[in-house]
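Residue numbering for the sequence shown follows our numbering, beginning at 80 and increasing consecutively.
Presented below is the structure to which this report refers.
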Amino acid sequence: MNEDMKSNNRIDLYEMKAGGVKTQEEYSDLGFYLAGLIEGDGNIWIPKSQRSTKNELTYPSIAITFHRKELPLFERIKCELGGGYIYKSRSDNGCRFRIVKTEILIKVVNLINGKFRTPKINSLHKIIDFINIRHNLSIEKLPLNKDYLGSNPWLSGFVDADGGFYIGLRGRYSIKNKDLNLPGVVICRFHLTQRITDKLTNESCIPFMTEIANYFTCKLYVSNHHNIANMMVSNQNVLKIINDYFDRYPLMTSKYLNYLSFLEGMNYARKCLSNDEIERIQFIKSGMNIARSHYNWDHLNNFYK
């Protein structure tokens, strides 16, 4: 008997309780964070039928793709969930965290159910239907979450998947294309990009992207030609909103380190820099994103429960 079949005897531990009593999973910050992460970089796979053409049982799964540098985070997620598989590509830096074992899959479904905000909720509802039929359960398919964005870590998970922080240096502050005849400019930008329409359902992503843009009091830029909706924040007046949210609900990927660099970089924006300050902001920029070579994972000590 394989591990998945053995786990069927324990799945009642994760069935949604009846009578309106909320389970621990429903209250969990981990559930909100995972929901955002899965809606950004995740894939929910549902077999077309309960059995294959060879009459073998088929198994649904939830998977998240990530860069190899993020392995410490996904090892932590695996530990918190009590299972899951991490696959490392032999040809590039791509990795995948996959949840297929029944016990863990139902636990994750209960964690994220009622916390989705995007068209990917259609796939979540389909996997719930599949699980309910397979295991004679009655997990309720909860609707899109409408909670205030600043009240939980969903946005942190979503930004960890699809957001980023950038520092640009222009004019005499530039590292590669320095022009001493032009004034120096420091540009600090927080950005989040999505397709205009969801690939699987063809439903619009504009409603939830507009909600995020409104939360950060910025404009959503839509390019129908490229099928892209892009939100960019570079206004110092919005810094407090960004700071307050991510201090309360920290990012958990290495983007957390870029966020710290972004915050420090904002101290140099809109001012005339001394030579020492120019060297400092150049040093900060040169260690961000793909240029980063040192990673400190102490922030995982505050991982969501």
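The C-beta atom is built at its ideal place from N, Cα and C for all residues, glycine as well.
Under the Cβ criterion (8 Å, minimum of three pairs), the region 331-347 counts as touching the region 357-376. Distance check between N316 and each of K133, T144, L342 places L342 closest, using alpha-carbon atoms only. The region 192-208 makes contact with the region 111-126; the number of CB pairs closer than 8 Å reaches 3 or more. When Cβ pairs closer than 8 Å are counted between the two stretches, the region 206-213 is seen not to touch the region 227-246, the count staying below three.
Residue pairing by DSSP places C267 opposite I246 in a beta bridge.
Taking the CA atoms as reference points, V187 sits about 13 Å from G121.
In the DSSP assignment, the residues bridged to A142 are N122, R177.
Counting other Cβ atoms within 10 Å of its Cβ, C158 stays below 16 and is therefore classed as exposed.
A Cβ-Cβ separation of about 6 Å places I200 in contact with L223 under the 8 Å criterion. For the pair K148 and S333, the CB atoms are nearer than the 8 Å cut-off. With a cut-off of 8 Å on Cβ pairs, the region 269-276 is in contact with the region 308-322, counting three or more such pairs.
For I307, there is no enclosing alpha helix (DSSP H); the residue is part of the beta strand (DSSP E) that begins and ends at 307-312.
A direct Cα-Cα distance of roughly 21 Å separates H305 from F237.
In the DSSP assignment, Q361 is bridged to no other residue. As DSSP reads the structure, Q273 sits in a beta bridge with A308.
Segment contact: the region 240-247 against the region 363-377, three or more CB-CB distances shorter than 8 Å; contact assigned. Between I141 and D258, the alpha-carbon positions lie close to 50 Å from each other. The C-beta separation of C267 from T276 comes to about 30 Å, leaving the pair out of contact by the 8 Å criterion. Shortest Cα-Cα distance from L339 to any of R371, S353, D355, N354 involves R371. For V317, there is no enclosing alpha helix (DSSP H), as DSSP gives it neither H nor E. Annotation: L352 to I218 spans about 58 Å, alpha carbon to alpha carbon. At the C-beta level, N375 and L330 stay beyond 8 Å of one another. For R213, the three-state secondary structure derived from DSSP is helix. Distances from the alpha-carbon of R327 to those of R213, I212, N354, W233 put W233 closest.
Judged by DSSP in its simplified three-state form, L299 adopts strand. When secondary structure is reduced to three states using DSSP, S283 falls in the strand class. The criterion of a C-beta distance shorter than 8 Å is satisfied by M288 and L299. In the DSSP assignment, the residues bridged to Y164 are R177. A distance below 7 Å between beta-carbons, with the five flanking residues on each side excluded, links V264 to the following residues of its chain, in chain order: R249, G250, Y252.
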